[in-house]
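Notes follow the structure.
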Amino acid sequence: MPSYDPSTFPPFAVTVDLVVLTVRRHALCALVVRRGESPFQGRWALPGGFVRTDEDLGAAAARELVEETGLCAHDPAAPAVGNGAHLEQLATYGDPGRDPRMRVVSVAHLALAPDLPAPRAGGDANSARWAPVVDLLGPGGGFGRDGEQSEPLAFDHARILDDGVERARSKIEYSSLATAFCPPEFTVGELRRVYEAVWGVVLDPRNFHRKVTGTPGFLVPSGGTTTRQGGRPAQLFRSGAATVLNPPMLRPEV
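Structure below.
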């Protein structure tokens, strides 16, 4: 294309940011990293990085997920198994002033996985940790640890995190996505605690058990039981073939 001159257009970069959510100690937590370089050096942020010239957006998000958590992305239509994590595109953020370095457009992705181990920092991040979403998105609008002064997340990451949390809260109403927070075999009580952590509510155990076991294709008995919760043995289930719940699991009014 001899008549086309790319230099006549302003350059800009593309990044992927990850909203990585898990349930730890019955609380919905997000992965955050402390930035090791400018801009916002020393501030907490969502993990992510620049898209390489030889990869598409999905590959970039999957690469960042492996680097930050050791998890591999799998088919979004299927529940997570093994070291797999649900990964889906969330939204695109392109405010001209969102990054002080240059014009940067971020394509955010949402990743969900069961109770994950302590994270490891990579790239330009010098530390990483799981933080409760209620702290990251609390009324103060900031986050600090170990006596630090609370500060907002870097860039526009508070907005991205808020959008990711709301996506997760909405999708577990009408899809089987809640099982992505569970191990391959789980009890109804463990699944209920996922809903409680993501929605931030307390659910009636009997009503919840009736709803999830009565929803066609949602749960399938695995044939085993467990006493890992204490008390009497509880029946184990695995995710069924249904990806859309009918009827849906509606959030209670809070």
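Per the working numbering: the sequence shown = residues 11 to 264. Ideal Cβ placement from N, Cα and C applies to all residues, glycine included.
Item to check | Cβ-Cβ distance between residue 265 and residue 160 below 8 Å | outcome: Outside the shown range of the chain (11 to 264) lies residue 265, about which nothing can therefore be said.
Item to check | As assigned by DSSP and simplified to three states, the class of residue 61 | outcome: Position 51 of the sequence shown, counted from the first residue, corresponds to residue 61. Residue 61 falls in the coil class under three-state DSSP.
Item to check | As assigned by DSSP and simplified to three states, the class of residue 81 | outcome: On the sequence shown, position 71 is the one that residue 81 refers to. Reduced to three states, the DSSP call for residue 81 is coil.
Item to check | Three-state secondary structure assigned by DSSP to residue 161 | outcome: Within the sequence shown, the letter at position 151 stands for residue 161. Reduced to three states, the DSSP call for residue 161 is strand.
Item to check | Cβ-based neighbour list, residue 218, same chain, cut-off 6 Å, excluding 5 preceding and 5 following | outcome: Taking the sequence shown and counting its residues from 1, the one referred to as residue 218 is at position 208. Within the same chain, residue 218 has close Cβ partners 202.
Next on the checklist: residue 110 and residue 194 - do their beta-carbons sit closer together than 8 Å?
Outcome noted: Translated into positions along the sequence shown, residue 194 becomes position 184. Translated into positions along the sequence shown, residue 110 becomes position 100. No, Cβ-Cβ distance for residue 194 and residue 110 is not below 8 Å.
Checklist entry - Are residue 27 and residue 182 close, meaning C-beta to C-beta below 8 Å? => result The sequence position of residue 27 within the sequence shown is 17, counting from 1. The sequence position of residue 182 within the sequence shown is 172, counting from 1. The answer is no: Cβ separation not under 8 Å.
Item to check | Beta-carbon proximity check, residue 70 vs residue 61, cutoff 8 Å | outcome: Locating residue 70 in the sequence shown gives position 60, counting from the first residue. Locating residue 61 in the sequence shown gives position 51, counting from the first residue. Result yes, Cβ atoms of residue 70 and residue 61 sit closer than 8 Å.
Item to check | Separation of residue 208 from residue 175, as counted between CA atoms | outcome: Reading the sequence shown from its first residue, position 165 is the one you call residue 175. Reading the sequence shown from its first residue, position 198 is the one you call residue 208. The straight-line gap from Cα to Cα measures roughly 8 Å.
Next on the checklist: Do residue 191 and residue 106 have their beta-carbon atoms positioned less than 8 Å apart in this structure?
Outcome noted: Working through the sequence shown from its first residue, we reach residue 106 at position 96. Working through the sequence shown from its first residue, we reach residue 191 at position 181. No, they are not a contact pair.
Next on the checklist: With the cut-off set at 8 Å, would you say residue 255 and residue 197 are in Cβ contact?
Outcome noted: Numbered from its first residue, the sequence shown carries residue 255 at position 245. Numbered from its first residue, the sequence shown carries residue 197 at position 187. Not a contact, by the Cβ cut-off of 8 Å.
Item to check | Which residues DSSP lists as bridging residue 196, in chain order | outcome: What you label residue 196 is simply residue 186 of the sequence shown in a count that begins at 1. Partner(s): 247.
Item to check | Classification of residue 74 by the beta-carbon crowding that lies within 10 angstroms, buried from 16 upward | outcome: For this step, residue 74 is matched to residue 64 along the sequence shown. It counts as buried.
Checklist entry - What is the DSSP secondary structure of residue 104, reduced to helix, strand or coil? => result The residue labelled residue 104 in the question sits at position 94 within the sequence shown. Coil, per DSSP.
Next on the checklist: How far does the alpha helix (DSSP H) with residue 119 in it extend, from its first residue to its last?
Outcome noted: Along the sequence shown, one-based indexing puts residue 119 at 109. Unbroken run through residue 119 is the beta strand (DSSP E), 114-122; no alpha helix (DSSP H).
Checklist entry - Can the beta-carbon of residue 211 be found closer than 8 Å to that of residue 262? => result Residue numbering aside, residue 211 sits at position 201 when the sequence shown is read from its first letter. Residue numbering aside, residue 262 sits at position 252 when the sequence shown is read from its first letter. The answer is yes: Cβ separation under 8 Å.
Checklist entry - Using the rule of at least 16 other Cβ atoms within 10 Å of the residue's Cβ for burial, across every protein chain shown, is residue 13 buried or exposed? => result The residue labelled residue 13 in the question sits at position 3 within the sequence shown. Per the 10 Å Cβ criterion, exposed.
Item to check | Opposing strand residues paired with residue 33 [DSSP bridges] | outcome: If you number the sequence shown from 1, residue 33 lands on position 23. Residue 33 pairs with 38.
Checklist entry - Closest to residue 278 by CA distance: which of 47, 259, 121, 200 is it? => result A question about residue 278 goes unanswered here, because the residues of the chain that appear run from 11 up to 264.
Checklist entry - So, are the CB atoms of residue 122 and residue 95 less than 8 Å apart? => result In the sequence shown, residue 122 corresponds to position 112, counting from 1. In the sequence shown, residue 95 corresponds to position 85, counting from 1. Yes, the pair counts as a contact, with Cβ atoms nearer than the cut-off.
Item to check | Burial state of residue 78 (16 or more Cβ within 10 Å) | outcome: Taking the sequence shown and counting its residues from 1, one reaches residue 78 at position 68. Result: buried.
Next on the checklist: So for residue 55, helix, strand or coil by DSSP?
Outcome noted: Position 45 of the sequence shown holds residue 55. If DSSP states are grouped into helix, strand and coil, residue 55 belongs with the strands.
Item to check | Of the residues 41, 59, 185, the one placed nearest residue 47, counting alpha carbons only | outcome: Position 37 of the sequence shown, counted from the first residue, corresponds to residue 47. Nearest C-alpha to residue 47: 59.
Checklist entry - Excluding five sequence neighbours on each side, which residues of the same chain lie with their C-beta closer than 8 Å to the C-beta of residue 33? => result On the sequence shown, position 23 is the one that residue 33 refers to. So the qualifying residues of the chain are 39, 124, 125, 191, 203, 204, 207, 208.
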